[in-house]
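Since the structure comes first, as structure tokens, the remarks are kept for the end.
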Amino acid sequence: MKMPASPQELPRLRRRKRELARALELAPDALPGSLAKSRFRCGHDNCRCARGELHTKWSLTFMEDGRKRTQHVSREWVEVVRERVEEGQAFQEQVSELLAINARLFVLERKQARARGSSSARRGEKE
Ligand SMILES: [Zn+2]
């Protein structure tokens, strides 16, 4: 449940909105999804993994055309991909926050406009 609007909420939201809008910038190489390390057995009986020392591999999981897709990431790419994924996540968090603020402002500003409209109606004023 959302708290009712406090007198400071509107200016605070508008300030944060300006901040976000100013800072919002997508790094051109940003990647979607998440990078994860998994452990596996290769299947060779005489390999160390058969004795419990599992191999590790990295993969990037992301959505493509509404489907989940996993792409193997070779070891030398892990750090670069990690940075690019972090850039994508930071951008998405900023966009989500900005959209949430705009939704909240939309609700609050309409409520305010209605309150103004009904109070002037009560006083018999015309706008
Ligand atoms: Zn193995």
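Under the numbering used here, think of the first position of the sequence shown as 163, with each following residue one higher.
Note that beta-carbon positions come from the ideal geometry of N, C-alpha and C, so glycine has one too.
Within 6 Å: the Cβ of residue 206 and any heavy atom of ligand 1? Within the chosen limit of 6 Å, ligand 1 reaches the beta carbon of residue 206 through at least one heavy atom.
Which one of 184, 217, 195 has the shortest CA to CA distance from residue 205? With distances taken between Cα atoms, residue 205 lies closest to 217.
If you pair each beta-carbon of the segment 263-278 with each one of the segment 241-252, do three or more pairs fall below 8 Å? Judged by Cβ distances under 8 Å, the segment 263-278 makes no contact with the segment 241-252, as fewer than three pairs qualify.
Name the residue from 203, 269, 245 whose alpha carbon lies nearest to the alpha carbon of residue 213. The shortest C-alpha separation from residue 213 is found at 203.
Exposure label - residue 197; buried when at least 16 CB within 10 Å: Buried.
Express the C-alpha separation of residue 171 and residue 260 in angstroms, rounding to a whole number. Each residue's Cα considered, the two are about 15 Å apart.
Could you have a look at residue 226 and say whether DSSP puts it in helix, strand or coil? Reduced to three states, the DSSP call for residue 226 is strand.
Could you pull the DSSP bridge partners for residue 235 from this structure? DSSP lists 220 as partners of residue 235.
Cα-Cα separation between residue 271 and residue 174, rounded to whole angstroms: Each residue's alpha carbon lies about 13 Å from the other.
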